[in-house]
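Taking it in order: structure first as structure tokens, then the write-up.
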Amino acid sequence: MRVTFHGHACVSVRHGGQVVVIDPGTFSDAATALRDADTVLVTHQHPDHVDAAALGAALAARPGLVVWGPEAVVAALRPSLPEGASARVVVPGDGLDLGGLEVVVGGGQHAVIHRDVPRIANVTYLVRGDGATLLHPGDSFDAPDDAALEGRRLDVLLAPVAAPWLKLAETIDFVRGLDPRVVVPIHDALLSAAGHGLVDRLLGEQRTGGTYAYRPLAPGEALDVAAGSLDGTADAAARALRDEHPEYGEVTLLEADETVPPRPEEEAADVARAETGR
């Protein structure tokens with residue numbers, strides 16, 4: 007399958023004659039991404055993940071286009087949907103057959119922004135095509151379980167790198183915990199050129215100790231993905247590294263290794279993660 011980055015959190019996945027677009031938001035080139043889409047997957051209702059105007063125009067132009075998302079997304083879109091347009095609700099645990107592409111819906115809630123900001127629904131999408139896998143987590147660090155991955159190593163992780171709800175240390179731990187073959191940084195519209203450089207340095211293999219390939223994509227740039235083909239030679243190295251450093255497989259709680267007291271929002275995030283893991 008071919009994965010094309012359209013800026014910020016938006017990607018399209020093309021496989022078997024199907025084009026699936028994930029999170030065409032206002033910070034991305036949503037119009038281009040939606041031009042030949044068959045299906046749109048939305049992780050949550052924030053405008054940087056769903057551009058209602060661009061999506062409405064695409065639905066009007068392509069009557070067969072189908073949109074999937076949490077109830078809040080569908081409810082917000084429903085009043086402005088063109089006649090005959092389809093928007094459908096997904097919840098964690100759902101599976102979608104998109105004609106050559108399979109999607110497993112996971113997640114549940116948006117990551118904590120601040121204790122005073124209510125959390126909203128956020129689903130994740132694990133996309134499979136001919137055995138190759140890609141994860142879009144939306145605004146979360148929710149990972150698929152082994153059953154969803156079918157015991158295989160994740161091929162591509164779309165890793166959020168800049169947002170009010172994250173610090174890069176969390177992204178690094180998320181990457182280490184999942185151990186994908188390839189990391190593609192997304193959710194980066196808030197970064198300056200200097201910020202991009204910093205992210206690239208910190209997420210680089212030597213800085214984090216990971217065995218993944220780091221593949222930043224410019225808007226419009228694509229990556230071809232086949233099962234196990236992106237970094238097949240790294241699997242043995244990954245196993246050896248995990249044997250030497252088992253801590254790389256553990257996602258550390260915020261501030262767990264620091265001497266300073268955690269901030270209130272970090273305590274809230276720790277509590278939320280602990281409750282999710284029960």
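For reference, each letter of the sequence shown is one residue, going 7 to 284 in my numbering. Note that the Cβ used here is the ideal one computed from N, Cα and C, for glycine as well. Bear in mind that the values here come from a model prediction, so they are computed numbers and not experimental data.
Per DSSP, which residues does A93 bridge with? Please list them.
Walking along the sequence shown from the start, residue 93 turns up at place 87. Answer by DSSP bridge pairing, in chain order: V73.
Among V133, A59, P30 and H142, which residue has its Cα nearest to the Cα of E156?
Here the question's residue 156 lines up with position 150 in the sequence shown. In terms of CA proximity to E156, V133 leads the group V133, A59, P30 and H142.
Contacting residues, own chain, Cβ-Cβ under 7 Å from V231 (five flanking each side not counted):
Position 225 of the sequence shown, counted from the first residue, corresponds to residue 231. Excluding residues within five positions, the ones whose Cβ falls inside 7 Å are M7, V9, A138, L140, D161 and V162.
List the whole-angstrom C-beta distance separating G5 from V56, where the pair is believed to meet the contact cut-off of C-beta under 8 Å.
With the chain covering 7 to 284 only, the question about residue 5 has no answer from this structure.
For I28, which residues does DSSP report across the bridge?
Translated into positions along the sequence shown, residue 28 becomes position 22. Per DSSP, V17 and L47.
Integer Cβ distance of A51 from A78, believed to fall under 8 Å
On the sequence shown, residue 51 is found 45 positions in, with the first residue counted as 1. On the sequence shown, residue 78 is found 72 positions in, with the first residue counted as 1. One point to set straight first is that residue 51 is Gln, not Ala, in the sequence displayed. Right, their Cβ atoms sit about 5 Å apart.
Under the assumption that L102 contacts Q24 (Cβ atoms under 8 Å), give the Cβ distance between them as a whole number of angstroms.
Working through the sequence shown from its first residue, we reach residue 102 at position 96. Working through the sequence shown from its first residue, we reach residue 24 at position 18. The C-beta separation of L102 from Q24 comes to about 11 Å, leaving the pair out of contact by the 8 Å criterion.
Should the region 180-196 be called in touch with the region 143-153, which here means at least 3 C-beta pairs below 8 Å?
Cβ pair count under 8 Å is three or more, so yes.
Would you list the one or two residues that DSSP bridges to L164?
Translated into positions along the sequence shown, residue 164 becomes position 158. Paired residues: V190.
Identify the continuous alpha helix (DSSP H) that holds F180 and give its terminal residues.
Within the sequence shown, the letter at position 174 stands for residue 180. Taken as a continuous stretch (DSSP letters only), the alpha helix (DSSP H) holding F180 covers L174 to L184.
Note down, in chain order, each residue of its chain lying with its Cβ closer than 8 Å to the Cβ of A240, except the 5 sequence neighbours on either side.
Numbered from 1 along the sequence shown, position 234 holds the residue referred to as residue 240. With a pLDDT of only 49 at A240, under 50, the local geometry of the prediction cannot be trusted, and no value is derived from it.
Under the assumption that V167 contacts Y131 (Cβ atoms under 8 Å), give the Cβ distance between them as a whole number of angstroms.
Here residue 167 refers to the residue found at position 161 when the sequence shown is read from its first residue. Here residue 131 refers to the residue found at position 125 when the sequence shown is read from its first residue. Contact flag wrong, Cβ pair sits at about 18 Å.
Three-state secondary structure (DSSP) at H12?
Residue 12 sits at position 6 when you count from the first residue of the sequence shown. Taken through DSSP and simplified to helix, strand or coil, H12 comes out as coil.
Could you round the C-beta distance between L164 and H142 to whole angstroms and report it? I think they count as a contact, below 8 Å.
If you number the sequence shown from 1, residue 164 lands on position 158. If you number the sequence shown from 1, residue 142 lands on position 136. With 8 Å as the limit, L164 and H142 qualify as a contact, their Cβ atoms being about 5 Å apart.
Give the DSSP bridge partners of A228, in chain order.
One-based indexing of the sequence shown puts residue 228 at position 222. Beta bridge pairing from DSSP links A228 with T10.
Nearest candidate by alpha-carbon position, reference A66, set V118, W74 and S92:
As a first step, residue 66 must be located in the sequence shown, where it is residue number 60. For the residues V118, W74 and S92, the minimum Cα distance to A66 belongs to S92.
Exposed unless 16 or more other CB atoms sit within 10 angstroms - verdict on A64
Here residue 64 is taken as the residue at index 58 of the sequence shown, counted from 1. By the neighbour-count rule (16 or more Cβ atoms within 10 Å), A64 is buried.
Label V69 either buried or exposed according to how many other C-beta atoms from any shown protein chain fall within 10 Å of its C-beta, with 16 as the threshold for buried.
As a position in the sequence shown, residue 69 is number 63, starting the count at 1. Rather than Val, the amino acid found at residue 69 in this sequence is Pro. Label assigned to P69: exposed.
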